[in-house]
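Under this note's numbering, the residues of the sequence shown are numbered 70 to 366, in order.
Backbone N, C-alpha and C fix where the C-beta goes; we use that ideal spot for every residue, glycine too.
See structure below.
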Amino acid sequence: MAVHAHPDDESSKGAATMARYAAEGAEVLVVTCTGGERGDVLNPTFEVPAGHEFASIEGKRAVRRLEMADAAAALGVAQHWLGFTDSGLPEGDPLPPLPDDAFARVPVEQAAAPLVEAVRRFRPHVITTYDPSGGYPHPDHIYCHTVSMEAWEAAGDPHRYVVDGGAAPWTPLKLYYNHGFSLRRLRAVHEAMEGQGLESPFGDWIESRTAREIPERQVTTLVPVAGYFPARDAALTAHASQIDPEGFFFAVPRDIEADVWPWDEYELAASRVPPAVERGAVEDDLFAGIRGTEVAS
C-alpha cells in the first residue's frame, strides 16, 4: 500500500517499484488522501478534456480523477480515494491560513479513520509513505505522514477505530518512507550527463541543497526498477494537468538513468519483522524479511 497526498504523487515517488511488484503478482494499492483540487496547471500544453471544466474545485477534482485512473492503469495497480480536499500550497509572508475544508485541518483521528479502514480491508504487509518533512513543505504531504503513522500504529489494535461492520484489525509488517531525489542520486546523474557532454538539469539544485546544508535522510533500500521506467513515465504523462512531457521529469535520458541509477530509494522507518540484511547493508526488496514466511501467505 502506497499512501500519497495528491493524484500524481504516486507517479513521481516509487511508481516504478509499484509497477514492478504488480507485474510480479503482488497486490498493490495506491491510497490518495485528497483529490488534488487546488493544484495549479503545471503543463503548458494541457488541454481540458472534452465535456469537462477546470476552473472550479469540482471540475478539477473530476479531471484529476480521470488522470489518476489512467495512471493507475499504466502502473497496473489499484487505487483508492480517502475523499479529503486538497489544502493548497499557501504562499506569502506571513502564510495565509489554510481553507476551512483543507485536509491538513481535519482532526487526526477523523483523517486517519478511512485510512485505518483501508489498511484493514486491503491487509498490506508493506506500507510506503512520506518522511516527517513530507518530502517538501506542502501541508498535505506533511499531514499525509502524520495520518499514515497513525494508521500504522492503530490498524492492528482491536480497541481503536472500532466501526460497526468495519474490517477486522490488521497489523502491517514494514513501513517505508519514499525518497524522491537524494543528493547522491542527483550527483550520479548530473556527473553522468556532463560526462557525455549533456546539460544537466540538476546543477543548480545540487548547489542549492549543498549551500543550504539540507540533511540527507538514510537510504536503507534500493529496489532495482529500470525495466519499469516506461510504466512510470506513462503514469507521469497520464497526469496531463500536472506533468509537462518536456519538463523536469523527462530531462534525463533514460539510458543514462538506467545505467547510473536504476533504483527507487526508500528508508525503512519501522518494522515488525527481524532485519533481513546485516546491519549497515542495503536491502533490495521492500518485502525482505517477509517473503517465504508464514506471515506472507
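Measuring only the C-alpha atoms, how far is residue i from residue j?
| i | j | result |
| --- | --- | --- |
| A181 | V216 | 5 Å |
| L267 | R278 | 21 Å |
| I126 | H228 | 37 Å |
| E219 | L164 | 27 Å |
| T289 | A338 | 9 Å |
| A236 | G225 | 11 Å |
| Q311 | A92 | 26 Å |
| L291 | S251 | 12 Å |
| F356 | P344 | 11 Å |
| P322 | E276 | 22 Å |
| G349 | M70 | 26 Å |
| D273 | V195 | 35 Å |
| A280 | W239 | 44 Å |
Going by C-alpha to C-alpha distance, which of the options sits closest to residue i?
| i | options | result |
| --- | --- | --- |
| T101 | A138, A327, A119 and S125 | A138 |
| E96 | F123, V146, R254 and R133 | V146 |
| A141 | G249, S81, Q287 and P343 | S81 |
| G83 | W239, Y245, D155 and A124 | Y245 |
| Q287 | P293, E334 and F298 | E334 |
On the DSSP bridge assignment, give the partners of residue i in chain order.
| i | result |
| --- | --- |
| L291 | E334 |
| K243 | V195 and S340 |
| F153 | T103 |
| Q148 | V99 |
Kindly list the residues whose CB is nearer than 7 Å to the CB of residue i, restricted to its own chain and excluding five residues on each side of it in sequence; keep chain order.
| i | result |
| --- | --- |
| V329 | A257, V258 and A261 |
| P118 | V132 and L135 |
| H121 | G128, A131 and V132 |
| G361 | none |
Going by beta carbon distance, what residues of the same chain come within less than 6 Å of residue i, once the five residues before and after it are set aside?
| i | result |
| --- | --- |
| S366 | Unreliable placement is indicated for S366, whose pLDDT of 42 sits below 50; the coordinate value is still reported in the next sentence. There are no such residues. |
| V99 | A71, E79, V146 and Q148 |
| L111 | Q311 |
Just checking my contact of residue i with residue j at CB under 8 Å: how many whole Å lie between their CB atoms?
| i | j | result |
| --- | --- | --- |
| K243 | I359 | 7 Å |
| A300 | A131 | 25 Å between Cβ atoms; not a contact. |
| A309 | L144 | In fact, because the Cβ distance is near 16 Å, the residues do not count as touching under 8 Å. |
| N247 | Y205 | At roughly 12 Å, the Cβ-Cβ gap does not stay under 8 Å, so N247 and Y205 are not in contact. |
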